[in-house]
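Novice: Numbering (this note's numbering), first residue to last: 1231 to 1318. Glycine included, every Cβ here is placed at the ideal spot set by N, Cα and C. Got a structure here, written out as structure tokens. Questions coming.
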């Protein structure tokens, strides 16, 4: 069965992306990309937000999710789709 376009893959819960989240943000900053990972306690669903813009990105990236790992993983998928190869 063909995969639906623009669907994000399910993140691997054991990938340890939370462990390297600061390294990812720092790497993006070193490559001219402004990025943030934010938790919004006022929202009842998808409380985590990842946003990135600038540098080699042709347009800004934003993703909201229920966990930090899912949010950051999906944000990196969106960044990679624009041609940036984040090494994490």
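With residue 1276 and residue 1296 assumed to form a contact (beta carbons below 8 Å), what rounded beta-carbon distance in angstroms separates them?
Specialist: 6 Å
Novice: How long is the line joining the alpha carbons of residue 1284 and residue 1256, rounded to whole angstroms?
Specialist: Approximately 14 Å, taken between the alpha carbons.
Novice: Could you give the DSSP three-state label for residue 1270: helix, strand or coil?
Specialist: coil
Novice: To the nearest angstrom, how far is the alpha carbon of residue 1252 from that of residue 1311?
Specialist: 21 Å
Novice: As a quick exercise: from 1279, 1272 and 1266, pick the residue whose alpha carbon is nearest that of residue 1300.
Specialist: 1279
Novice: With the cut-off set at 9 Å, would you say residue 1273 and residue 1281 are in Cβ contact?
Specialist: The answer is no: Cβ separation not under 9 Å.
Novice: In the structure shown, what three-state DSSP assignment does residue 1264 receive?
Specialist: Three-state DSSP puts residue 1264 in a strand.
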